[in-house]
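Have a look at the structure below before the remarks.
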Amino acid sequence: MPECPEVHLAGRFINRACGGLVFAGGVERSAVGRGPEVPFRSEAYRISAIARGKELRLTLSALDPAAAPPQDLVFRFGMSGSFRLCPAAELPRHAHLRFRTRESPPRALCFVDPRRFGSWRLGDAWQQERGPCVVSEYQAFRENVLKNLDDKAFDKPICEALLNQKYFNGIGNYLRAEILYRLKIPPFEKARTVLEAVKDQVQKRRKKDPSLRLSKKVKLMQKNPDLLELCHAVPMEVIMAEKHLFDPEHADNYANFKNWLQCYLVPGMSSLRDHNGRTIWFQGEPGPMAPTGQVPQKTPCKKRAQLKADPKALTPKVASRASKRCPRAAATPPKSDEKEEGEEEEASGPGKGHARRRRRVTPAPALPEPEVLLNTKRSRQRSARKGRGTVPAL
DNA sequence: CGTCCACGTCTAC
DNA sequence: TAGACCTGGACGG
């Protein structure tokens, strides 16, 4: 689950689980891994990690510094990357890079990445174009945004700007939805409009109480976080909830994570494809820059036996939140012949449990003769689906 | 079985 | 602004 919380937690996992381990030998790479061979070998070395946004840097350090210079590696996780520590004799599928311990029997720290969109590079350099980390470099992140509001990156809708790693290093698709939802900001409001308002608000606060004590300021911000503060606080919630969302016996982790989500994938919320073909989840108005020719999709609210709420699973703030209720039904009534409820939909059977997603319904547009257009063999090629769910333009 | 969808970048018309 | 890059799970017939 690689947005910045998962990357940071991967780093924490490595430091905790591997901090006391000694590794030995060379670094093994799978035949298909998306990264270079790692020219490092040592009969006794340690591994440490540090995260920045969606990147994770590993440092391999020989116990005897004279034996070999340290080797740095910077990973990106793509859509499916993760690190695991497992017996070297039972490597998981798609373990594209492996670091073996000196134990007997040996274990291996593995970079596992089924889809292979992730990669690694040699050296200690973070990717040049990525901005400060929303989690670990909050002040720099904030200033980088507010000082550059004239950048054309902010001409775009806020939901798209939030995925720009030059300004929002660490934010990904579920975080943008969760962040905007907390403030009920329409996802297709213009980014600059939203951020200028943040800037003005800061000025006002300053004028009003120029001598506020720091502690007061902190309280104020915690009570009334602005968008940029939430870009830090929301990922932090996930990181803090580590124990419950990502514990070793990951049996219920996914269920807990889904339970933490307030908007992304949540039944009753609306969704649209943004201009890059990514699904944005939101509630309420899409906003002025919404793509034309699409009807917001809505997963119907089923009568659901709520996700089995694990009462201790959530951070205090969220803990009291009523289990996910459907907001009032709204526009775009679902198709009349929709299969209603029926199954009790236990959120996730033990073991599996996955995004229970309603198949996207081809919207029935309130336009004459949509069928012709909609049914014209939309090419079934893999990526021909960006436009699915569209409505003939007017 | 087949289709759709996924927590992200990249580069090439 | 489309594809391309990939595997695998959910769901439908």
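In this note's numbering, each number is its position in the first sequence, counted from 1, plus 1182. Here a beta-carbon is modelled for each residue, glycine too, at the ideal position from N, C-alpha and C.
Practice item. Compare the beta carbon distance of Thr1283 and Leu1203 with 9 angstroms and say whether it is the shorter of the two. Key: Result yes, Cβ atoms of Thr1283 and Leu1203 sit closer than 9 angstroms.
Check your understanding: In terms of residues, what are the limits of the beta strand (DSSP E) holding Thr1168?
Key -> The displayed coordinates of the chain run from 1183 to 1576. Any statement about residue 1168 would go beyond what the structure contains.
Check your understanding: For Asn1355 versus Tyr1436, is the C-beta spacing smaller than 9 angstroms?
Key -> no
**Study point:** Spatial neighbours of Val1220 in its chain, beta-carbon cut-off 6 angstroms, leaving aside the 5 residues before and after
**Key:** Val1209
Review point. For Glu1240, is the classification buried or exposed, using 16 other Cβ atoms within 10 angstroms of its Cβ as the cut-off for buried?
Key: The sequence shown places Leu at residue 1240, rather than the Glu named in the question. Around the beta-carbon of Leu1240, 16 or more other beta-carbon atoms lie within 10 Å, marking it buried.
Check your understanding: CB-CB under 8 angstroms to Tyr1227, same chain, minus the five flanking residues each way: which ones, in chain order?
Key -> Val1204, Phe1205, Ala1206, Leu1242, Ser1243, Ala1244, Leu1245, Ala1250
Exercise for review: Starting from Asp1295, trace the alpha helix (DSSP H) both ways and give me its first and last residue.
Suggested key: That residue, Asp1295, is in no alpha helix (DSSP H); it is neither H nor E in DSSP.
Exercise for review: Under 8 angstroms Cβ to Cβ from Pro1468, same chain only, skipping five residues before and after it: list those, please.
Suggested key: Excluding residues within five positions, the ones whose Cβ falls inside 8 angstroms are Pro1368, Pro1369, Phe1370, Ser1452, Leu1454, Pro1478.
Exercise for review: Helix, strand or coil for Arg1312, going by three-state DSSP, please let me know.
Suggested key: coil
Review point. So, Cys1292 versus Cys1268, is the Cβ gap smaller than 9 angstroms?
Key: Result yes, Cβ atoms of Cys1292 and Cys1268 sit closer than 9 angstroms.
Practice item. Name the two residues that bound the continuous alpha helix (DSSP H) containing Ser1397. Key: 1396 to 1405
Check your understanding: Tell me which same chain residues have a C-beta within less than 7 angstroms of the C-beta of Ala1373, skipping the five on either side of it?
Key -> Phe1336, Lys1338, Pro1339, Ile1340, Ala1343
Check your understanding: Going by beta carbon distance, what residues of the same chain come within less than 6 angstroms of Glu1185, once the five residues before and after it are set aside?
Key -> The residues are Gly1354, Leu1357.
Review point. Hey, how far is the Cα of Lys1480 from the Cα of Pro1449?
Key: 7 angstroms
Practice item. Closer than 7 angstroms by C-beta to Gly1215: which residues in its own chain qualify, once you throw out the five before and the five after it? Chain order, please. Key: His1278, Leu1279
Review point. So is Arg1388 buried or exposed if we call it buried at 16+ other beta carbons inside 10 Å?
Key: exposed
Check your understanding: If you count every other CB in all the chains shown that lies within 10 Å of the CB of Val1400, and 16 or more means buried, which is it?
Key -> exposed
Point to revise | Val1376 vs Leu1409 beta-carbon contact at 9 angstroms | key: yes
Point to revise | Alpha-carbon spacing of Ile1196 relative to Phe1281, whole angstroms | key: 12 angstroms
Exercise for review: Can you tell me which of Asn1330, Gln1309, Asp1295, Ala1359 puts its alpha carbon nearest to the alpha carbon of Ile1462?
Suggested key: Ala1359
Point to revise | Cα-Cα separation, Leu1191 to Ala1415 | key: One Cα belongs to Leu1191, the other to Ala1415, and the distance between them is close to 15 angstroms.
Check your understanding: Where does Gln1321 sit, in a helix, a strand or coil, going by DSSP?
Key -> DSSP, read as helix, strand or coil, puts Gln1321 in helix.
Exercise for review: Could you tell me whether the Cβ atoms of Trp1302 and Leu1255 are closer together than 9 angstroms?
Suggested key: yes
Review point. Cα separation between Gly1201 and Met1418?
Key: Straight-line spacing of the CA atoms in Gly1201 and Met1418 works out to 23 angstroms.
Review point. Which value, in whole angstroms, describes the spacing of the CA atoms of Gly1300 and Asp1306?
Key: 17 angstroms
Practice item. Identify the continuous beta strand (DSSP E) that holds Phe1281 and give its terminal residues. Key: Unbroken beta strand (DSSP E) run through Phe1281: 1277 to 1283.
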